[in-house]
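Q: Structure in structure tokens, see below.
Protein chains: 2
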Amino acid sequence: MALGTRRELRRRETVEEILAIAIDVMADDGVAGLSLSEVARRLGIKPPSLYKYFPSRLALYDRLFADGQQRYLEVFRGGAAGADPGLPALIAAVEAGGRWAMDNQALTQLLFWRPIPGFEPSAEAFAPSVAMLDEVRRMLADAARLGQLGPGAAAEEGVALFSILVAGMFSQQLANGPHESFADGRFTRLAPQIFAMFRQHYPPTEGSDDRRHPHRAAQPSPSR
Amino acid sequence: MALGTRRELRRRETVEEILAIAIDVMADDGVAGLSLSEVARRLGIKPPSLYKYFPSRLALYDRLFADGQQRYLEVFRGGAAGADPGLPALIAAVEAGGRWAMDNQALTQLLFWRPIPGFEPSAEAFAPSVAMLDEVRRMLADAARLGQLGPGAAAEEGVALFSILVAGMFSQQLANGPHESFADGRFTRLAPQIFAMFRQHYPPTEGSDDRRHPHRAAQPSPSR
DNA sequence: GTCTATAGCCTGATAGAC
DNA sequence: GTCTATCAGGCTATAGAC
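Below, the structure written as structure tokens:
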């Protein structure tokens with residue numbers, strides 16, 4: 008359903024407009040300060056008309072959460088795409104995600120914190136978040152397989168520790184330097200040290216297939 | 008001024024009551040959902056009466072921020088008090104702070120995040136936060152002096168990295184497991200690993216006065 | 001899909017009586 | 001320091017005309 012008839016195309020455009028305005032309103036008035044009346048005002052319609060597109064304020068939050076999570080996931084994957092597999096891909100992905108987070112602070116707060124009591128994202132809206140975690144786990148497993156990290160990095164504890172590092176970096180930067188860029192931020196610019204810490208905590212095991220640092224444990228790598 | 012006449016004592020008590028109720032309201036309705044009317048309702052007075060104690064809603068936030076920061080600092084120092092100086096004191100302090108954070112989530116959000124657009128804590132309210140940072144820096148310097156950590160740990164970068172670790176642990180736990188305790192939380196229970204990571208990143212230098220681990224062998228210095 | 005009208009709340013803040 | 005009265009709005013949401 009919802010094929011590309013002109014009517015439905017127009018409807019989609021309006022929904023996208025509403026979402027973009029809602030993000031602006033959150034940027035101005037805080038995530039919790041999102042109001043349907045203000046969105047309607049900026050869109051040039053009356054508040055009741057919004058109910059043709061979203062059945063309630065919480066439904067709007069849910070859609071914002073779902074779309075934000077989805078966009079973050081895409082940016083994350085896009086960041087990984089250009090880099091070598093394993094740790095380099097993961098680092099590139101986190102950096103791309105960090106730039107997006109600094110450019111989309113209201114959405115990031117909605118995704119990473121819990122600023123709206125009474126709002127629980129629906130399972131559907133939460134799906135990209137689960138995919139995100141899998142993505143990280145997969146990249147950590149790649150890194151372990153490639154001998155860039157020890158095997159523990161891809162276990163539950165490793166994934167949790169990694170998420171703490173990333174969340175801490177984003178949180179501190181958003182709270183204490185929201186106007187600084189990812190590259191220059193007092194906290195986000197420490198990303199390389201953060202990754203170094205993680206690597207030191209899960210160092211590659213001795214005999215692993217480390218194609219990235221072949222000089223370390225000089226072994227003739229058998230050609231396959 | 009403000010000596011202990013009966014009148015002023017009573018006034019202080021009322022102010023304390025208002026602050027306690029305000030914290031409850033934030034716990035129920037979110038940090039941004041704090042309303043003077045609701046506070047008045049729960050206190051059993053009419054909203055205008057509140058203005059005898061606080062000149063505005065933002066002033067109430069400022070006082071909540073100042074008191075919260077102060078209490079957190081006291082808990083932090085109290086946690087350090089019982090432990091050996093240096094790293095053990097720092098670890099005990101962070102753990103005490105973490106337990107307090109889980110028990111005072113609304114206040115923690117006000118202190119660590121920026122949920123209220125338009126609210127900037129006054130310099131006065133911010134003072135304990137500065138003292139807090141000094142406290143951490145001092146403890147890291149102690150740890151370096153005692154040979155528990157390398158000297159870089161107490162430099163600006165080390166303090167920032169440490170704050171990222173702590174903020175990440177708190178943030179992830181508050182956002183993803185607010186009902187779990189500090190000891191059992193999926194993220195906060197990883198505190199020992201977090202500290203281990205930090206120590207690995209700033210390992211004690213060779214000839215330092217390491218009274219705590221005199222047996223330890225040389226470690227490679229962090230890559231950089 | 002837009003509107004008007006309205007219900008039924010809510011808010012922060014001030015003036016001024018007591 | 002408490003109150004009433006009031007200003008001057010704000011909000012989500014629904015009913016129903018067009």
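The listed protein sequences correspond, in order, to chains A and B.
Residues 8 to 231 in my numbering are what the first sequence lists, from first letter to last.
Residues 8 to 231 in my numbering are what the second sequence lists, from first letter to last.
Virtual Cβ for every residue (Gly too), placed ideally from N, Cα, C.
What do you reckon, are the CB atoms on Q155 (chain B) and P211 (chain B) nearer than 8 Å?
A: Yes. Within cutoff.
Q: Below 7 Å CB to CB, which residues in the same chain sit around D69 (chain A) once its five sequence neighbours on both sides are set aside?
A: Around D69 (chain A): P128, S129, A132.
Q: Determine the extent of the alpha helix (DSSP H) in which H186 (chain B) is found, giving its start and end residues.
A: Premise fails: H186 (chain B) is in no alpha helix (DSSP H) and is neither H nor E.
Q: Taking all protein chains shown into account, decide if S178 (chain B) is buried (16 or more other Cβ within 10 angstroms of its Cβ) or exposed.
A: Answer is buried; the Cβ neighbour count reaches 16.
Q: Under 7 Å Cβ to Cβ from D74 (chain B), same chain only, skipping five residues before and after it: list those, please.
A: These residues qualify, in order along the chain: L26.
Q: Applying a beta-carbon distance threshold of less than 8 Å, which residues of chain B neighbour E164 (chain A)?
A: Those within 8 Å of E164 (chain A) in chain B are L197, Q200.
Q: CB P185 (chain B) to CB G37 (chain A), shorter than 8 Å?
A: Not closer than 8 Å, so no.
Q: Quick check on the burial criterion: 16 or more other C-beta atoms within 10 angstroms. Buried or exposed for R231 (chain A)?
A: Confidence at R231 (chain A) is low in this model, with a pLDDT of 28, below 50, so its placement is unreliable and no value can be given for it.
Q: Using 10 angstroms around the beta-carbon of A160 (chain A), count the other beta-carbons present and answer buried if the total reaches 16, otherwise exposed.
A: Flag for A160 (chain A) reads buried.
Q: What span of residues does the alpha helix (DSSP H) with T21 (chain B) cover, start to end?
A: Residues 13–36.
Q: Just verifying my parser: in three-state terms, what is the DSSP assignment at F133 (chain A)?
A: Residue state, collapsed to three classes: helix.
Q: Using the beta-carbon of each residue, which ones in chain B are nearer than 7 Å to D36 (chain A)?
A: Within chain B, the residues near D36 (chain A) are P124.
Q: Closer than 6 Å by C-beta to A151 (chain A): which residues in its own chain qualify, once you throw out the five before and the five after it? Chain order, please.
A: Cβ neighbours of A151 (chain A) beyond the five flanking positions: P158, A160, A161.
Q: Considering just the uninterrupted stretch of the alpha helix (DSSP H) at W107 (chain B), what are its terminal residues?
A: Taken as a continuous stretch (DSSP letters only), the alpha helix (DSSP H) holding W107 (chain B) covers 94–110.
Q: Does DSSP put P6 (chain B) in a helix, in a strand, or in coil?
A: What the structure shows of chain B is the stretch from 8 to 231, and residue 6 (chain B) is not part of that stretch, so it cannot be assessed.
Q: Candidates B:R18, B:T195, B:A203, B:H208: which alpha carbon is nearest A103 (chain B)'s?
A: Looking at the Cα atoms, B:T195 is the closest of the given residues.
Q: Please work out which residues of its chain come closer than 6 Å, Cβ to Cβ, to M33 (chain B), disregarding the five sequence neighbours upstream and downstream, and give them in chain order.
A: Cβ neighbours of M33 (chain B) beyond the five flanking positions: L41, A113.
Q: Less than 8 Å separating the beta-carbons of L140 (chain B) and G165 (chain B)?
A: Their beta carbons are not under 8 Å apart, which means L140 (chain B) does not touch G165 (chain B) by this criterion.
Q: For T115 (chain A), is the classification buried or exposed, using 16 other Cβ atoms within 10 angstroms of its Cβ as the cut-off for buried?
A: Buried: at least 16 other Cβ atoms inside 10 Å.
Q: Measuring only the C-alpha atoms, how far is L118 (chain B) from R145 (chain B)?
A: Those two C-alpha atoms are separated by around 21 Å.
Q: Leaving out five residues before and five after L94 (chain A) in sequence, what residues of the same chain have Cβ atoms less than 6 Å from its Cβ?
A: If we look at L94 (chain A) and ignore the five residues flanking it on each side, its Cβ neighbours are A150, Q155.
Q: Which residues, taken in chain order from the region 179–192 of chain A, show a beta carbon closer than 8 Å to some beta carbon of chain B?
A: Of all residues in the region 179–192 of chain A, Q179, L181, A182, P185 have a Cβ within less than 8 Å of some Cβ in chain B.
Q: Taking 6 Å as the limit between beta carbons, can you name the residues of its chain near E23 (chain A), skipping five residues before and five after?
A: None.
Q: So which residues of chain A does S170 (chain B) contact, with C-beta pairs closer than 7 Å?
A: Ordered by position in chain A, the residues that pass the 7 Å Cβ test against S170 (chain B) are Q179.
Q: Determine, using beta carbons only, whether S170 (chain A) and Q76 (chain A) come nearer to each other than 8 Å.
A: Not a contact, by the Cβ cut-off of 8 Å.
Q: Against chain B, with Cβ distances strictly below 8 Å, would M176 (chain A) count as a contact?
A: Output row for M176 (chain A): interface = yes.
Q: Can you tell me which of the three DSSP states A90 (chain A) falls into?
A: DSSP places A90 (chain A) in coil when its eight states are reduced to three.
Q: So for L147 (chain A), helix, strand or coil by DSSP?
A: It is helical.
Q: With a threshold of 7 Å on Cβ separation, who are the neighbours of P54 (chain B) within its own chain once the five nearest residues in sequence on each side are excluded?
A: So the list reads L43, S44, A47, once near-sequence residues are dropped.
Q: Got a sec, what are the start and stop residues for the alpha helix (DSSP H) F202 (chain B) sits in?
A: Counting along the chain, the alpha helix (DSSP H) containing F202 (chain B) begins and ends at 198–208.
Q: Helix, strand or coil for L156 (chain B), going by three-state DSSP, please let me know.
A: Residue state, collapsed to three classes: coil.
Q: Of all the CB atoms in chain B, is at least one closer than 8 Å to the CB of W120 (chain A)?
A: Chain B contact via Cβ: present.
Q: Less than 8 Å between the CB atoms is what I'm expecting for A87 (chain B) and L97 (chain B), so what's the real figure, rounded?
A: Contact holds; Cβ gap of about 7 Å.
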